[in-house]
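Asks: Residue numbers (my numbering): 1430 to 1590. All residues carry an ideal CB built from backbone N, CA and C; glycine is no exception. None of these values were measured; they are calculated from a predicted model. The structure is given below, and queries will be raised subsequently.
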Amino acid sequence: MKTVVCPGSFDPITKGHLDIIERAAHLFDHVIVVVLQNPNKTATFRVEERLDFIRRTTDGLENVSVDSYDGLLVDYVQKVGAVAVVKGLRAVTDFEYEFQMSLVNRQLCPAVDTIFLNTAQEYLYLSSSMVRQIASFGGDISQFVPQAILADIQKRLQKGN
Ligand code: ADP
């Protein structure tokens, strides 16, 4: 059984993330979506909220599970016995950072490979920060965020809580 890990901040999960998760779920036996605590980013949503959004969004995908981890990605990958990390690539700007991360991870643990899936064209410019910004000004985020969590995200960001 081949398990892969899809890591990220998912603050919150977008349709761009979901597309990568669905495609990974077609390619591999088991996909674990893991919310990592990124010390370089100040999160808007609490980890529990982000996990809840991901669970509700991936509800129909039988081979997808959700987890969180406060530590090194390579340690998590080994802990769960995954064969690789799956990441989505948008523009060249993603590539620079992701390329560096994948090389560092291989340096730390040579057994951990990273697989990149290209973004779907319609999600090329989509990011969690863009969703947060549009929603905070009361804009329509329905084309960017999965339907199951749309109302909760709108409510939460408009209130500014
Ligand atoms: P963000 O960069 O939006 O804060 P994350 O840190 O949660 O996203 O990223 C998790 C993974 O999802 C990364 O590999 C990132 O490149 C990928 N990803 C994010 N948005 C998209 C998108 N619109 N299309 C494809 N992949 C994406």
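Am I right that V1560 and T1471 are in contact with their C-beta atoms under 8 Å? What's the rounded C-beta distance?
Replies: Actually they do not touch by this definition, with Cβ atoms about 16 Å apart.
Asks: Return yes when the C-beta of D1496 is under 6 Å from any heavy atom of ligand 1, and no when it is not.
Replies: no
Asks: Just the C-alpha distance for L1546 and P1468, rounded to the nearest angstrom, thanks.
Replies: 25 Å
Asks: DSSP beta-bridge partners for L1490?
Replies: Looking at the DSSP assignment, L1490 forms no beta bridge with any residue, so it has no partner.
Asks: Would you say L1502 and P1436 are within 7 Å of each other, going by their C-beta atoms?
Replies: yes
Asks: Classify E1477 as buried or exposed, calling it buried when 16 or more other Cβ atoms lie within 10 Å of its own Cβ.
Replies: Exposure of E1477 is indicated by the presence of fewer than 16 other C-beta atoms within 10 angstroms of its C-beta.
Asks: Note down, in chain order, each residue of its chain lying with its Cβ closer than 7 Å to the Cβ of S1497, except the 5 sequence neighbours on either side.
Replies: V1463, V1464, V1476, L1480
Asks: Out of P1575, P1539, R1485, R1585, which has the shortest C-alpha to C-alpha gap to D1504?
Replies: P1539
Asks: Under 6 Å: does the beta carbon of D1504 sit that close to some heavy atom of ligand 1?
Replies: Every heavy atom of ligand 1 is 6 Å or more from the Cβ of D1504, so no.
Asks: Determine the direct distance from the alpha carbon of T1543 to that of A1511, and round the result to whole angstroms.
Replies: 11 Å
Asks: Run through DSSP, which three-state label would F1482 get?
Replies: helix
Asks: Could you tell me which of G1568, A1564, Q1576 sits nearest to R1585, measuring between CA atoms?
Replies: A1564
Asks: Would you kindly report the start and end of the unbroken beta strand (DSSP E) that includes F1545?
Replies: 1542-1547
Asks: Confirm, please, whether the CB-CB distance from A1453 to V1515 is below 7 Å.
Replies: yes
Asks: For Q1550, tell me which candidate among H1459, I1483, D1448 has the shortest Cα-Cα distance.
Replies: D1448
Asks: Taking 6 Å as the cut-off, does the CB of Y1526 come closer than this to any heavy atom belonging to ligand 1?
Replies: no
Asks: Specify the secondary structure class of S1497 as computed by DSSP and reduced to three states.
Replies: strand
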